[in-house]
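Numbering (my numbering), first residue to last: 1 to 318.
Yeah, the Cβ is synthetic: ideal placement off N, Cα and C, and Gly gets one too.
Inspection log for the structure reproduced underneath, given as structure tokens.
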Ligand code: F6P
């Protein structure tokens, strides 16, 4: 093993740059040549591959997004696309690849593994929807960003005696909503994992109003329902003034938290170590320890939605 490559794919997440920096510098410190693939699997197919140096990853540890850029690439899921990617790796004698991304990225990684390339996957997504690891890279920063934004919404909501619905990302996983909701003191948290009804929501809001609460915050995980429709329904059913805001990509950018920088730095070094030992798999962080497990484990539902935290958030919101 002399040459490896690193790429980021799928939605970017804060901490990816710290992770790229770690793969490059740790790899070079171990005597490897490290290539950077731009725009994920698309760059692998289009031969957009550059040799990295220690300096090419200078001054990026604090920056959100990914300097390697990222893409979602359908062509990589075709045999012809994988053929081109393998050809571009082989002509540089690259036999190990570190891929940083979410579940789609890991599915792509399996294509490379099937063709004899050593791959170490790093969970990089704000969604925290890879359940073999307690934390995905970028989740902590996104939660903190959401909390800051909810604080802003709370100010204006309070001034107008309003109910505010704040839609957050999650791609089918309620972890961003739950963790930001608990930290921001949300009154209602709506996630895909827990059933809810408009009557229960309005009952809770009306009760809070009667108890003297001036404004209420609802954190809504994306795809649970349309936030504008929900706001209209709440206004009609409860008589309360209700508005909605979709946070969108503002919650995906921004300088990574110290937690995500350190997670990315450790993930990167561990991934290189394992590839150098000739192993394929995915790195993660479970029960306070770094782990390396087969890629198939990344698709198993081993960590459940944290109902205890959800119930606590409900009890404390009054
Ligand atoms: O997976 C990350 C994520 O931000 C999801 O939370 C969201 O559903 C999706 O990506 C948005 O994708 P795009 O940036 O392509 O609109």
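What does a CB cutoff of less than 6 Å around residue i pick up in its chain, not counting 5 residues either side in sequence?
{"i": "residue 85", "result": "44 and 45"}
{"i": "residue 175", "result": "128"}
{"i": "residue 146", "result": "168, 180 and 251"}
{"i": "residue 265", "result": "18 and 22"}
{"i": "residue 244", "result": "165, 227, 228 and 231"}
{"i": "residue 100", "result": "8, 16, 19, 122 and 124"}
{"i": "residue 297", "result": "132"}
{"i": "residue 47", "result": "88"}
{"i": "residue 120", "result": "98, 271, 274 and 275"}
{"i": "residue 303", "result": "131"}
With DSSP as the reference, label residue i as helix, strand or coil.
{"i": "residue 35", "result": "strand"}
{"i": "residue 136", "result": "coil"}
{"i": "residue 123", "result": "strand"}
{"i": "residue 252", "result": "coil"}
{"i": "residue 65", "result": "coil"}
{"i": "residue 95", "result": "strand"}
{"i": "residue 285", "result": "strand"}
{"i": "residue 8", "result": "strand"}
{"i": "residue 280", "result": "coil"}
{"i": "residue 162", "result": "coil"}
{"i": "residue 118", "result": "strand"}
{"i": "residue 247", "result": "coil"}
{"i": "residue 153", "result": "helix"}
{"i": "residue 19", "result": "helix"}
{"i": "residue 225", "result": "coil"}
{"i": "residue 167", "result": "strand"}
{"i": "residue 59", "result": "coil"}
{"i": "residue 2", "result": "coil"}
{"i": "residue 190", "result": "strand"}
{"i": "residue 211", "result": "coil"}
{"i": "residue 216", "result": "strand"}
What's the call for residue i, buried or exposed, on a 16-neighbour Cβ count within 10 Å?
{"i": "residue 310", "result": "buried"}
{"i": "residue 32", "result": "buried"}
{"i": "residue 106", "result": "buried"}
{"i": "residue 68", "result": "buried"}
{"i": "residue 157", "result": "buried"}
{"i": "residue 111", "result": "buried"}
{"i": "residue 83", "result": "exposed"}
{"i": "residue 216", "result": "buried"}
{"i": "residue 288", "result": "exposed"}
{"i": "residue 144", "result": "buried"}
{"i": "residue 236", "result": "exposed"}
{"i": "residue 78", "result": "exposed"}
{"i": "residue 316", "result": "exposed"}
{"i": "residue 319", "result": "There is simply no residue 319 to check, as the chain begins at 1 and stops at 318 in what is shown."}
{"i": "residue 280", "result": "buried"}
{"i": "residue 55", "result": "exposed"}
{"i": "residue 285", "result": "buried"}
{"i": "residue 81", "result": "buried"}
{"i": "residue 76", "result": "buried"}
{"i": "residue 211", "result": "exposed"}
Tell me which same chain residues have a C-beta within less than 8 Å of the C-beta of residue i, skipping the five on either side of it?
{"i": "residue 312", "result": "182"}
{"i": "residue 319", "result": "Examination of residue 319 is not possible in this model, given that the chain is present from 1 through 318 alone."}
{"i": "residue 153", "result": "164, 166, 217 and 245"}
{"i": "residue 295", "result": "106, 109, 110, 113, 119, 121, 280, 281 and 282"}
{"i": "residue 159", "result": "none"}
Who are the near neighbours of residue i in its chain, counting only those whose CB is closer than 7 Å to its CB and skipping five residues on each side?
{"i": "residue 238", "result": "202, 205 and 206"}
{"i": "residue 52", "result": "24, 34, 35 and 36"}
Is any heavy atom in ligand 3 found nearer than 7 Å to the beta carbon of residue i?
{"i": "residue 37", "result": "Ligands in the displayed structure: ligand 1; ligand 3 is not one of them."}
Quick one: any contact between the segment 155-171 and the segment 223-243, if contact means 3 or more CB pairs under 8 Å? yes
Closer than 7 Å to ligand 1: residues, by C-beta to nearest heavy atom, in chain order: 10, 11, 72, 102, 125, 126, 127, 169, 170, 171, 222, 249 and 252
So does the segment 180-190 actually touch the segment 129-140, counting three or more Cβ pairs closer than 8 Å? no
Would you check if there are 3 or more beta carbon pairs closer than 8 Å linking the segment 258-273 to the segment 24-31? yes
Do three or more CB pairs link the segment 255-267 to the segment 139-158 at distances below 8 Å? yes
Assess, as a yes-or-no matter, whether the segment 189-199 is touched by the segment 213-228 under the definition of 3 or more beta carbon pairs within less than 8 Å. yes
I'd like to know if the segment 4-17 and the segment 68-77 are in contact, where contact means that at least 3 CB-CB pairs between them fall below 8 Å. yes
Is the segment 53-62 in contact with the segment 90-107, if contact means three or more CB pairs nearer than 8 Å? no
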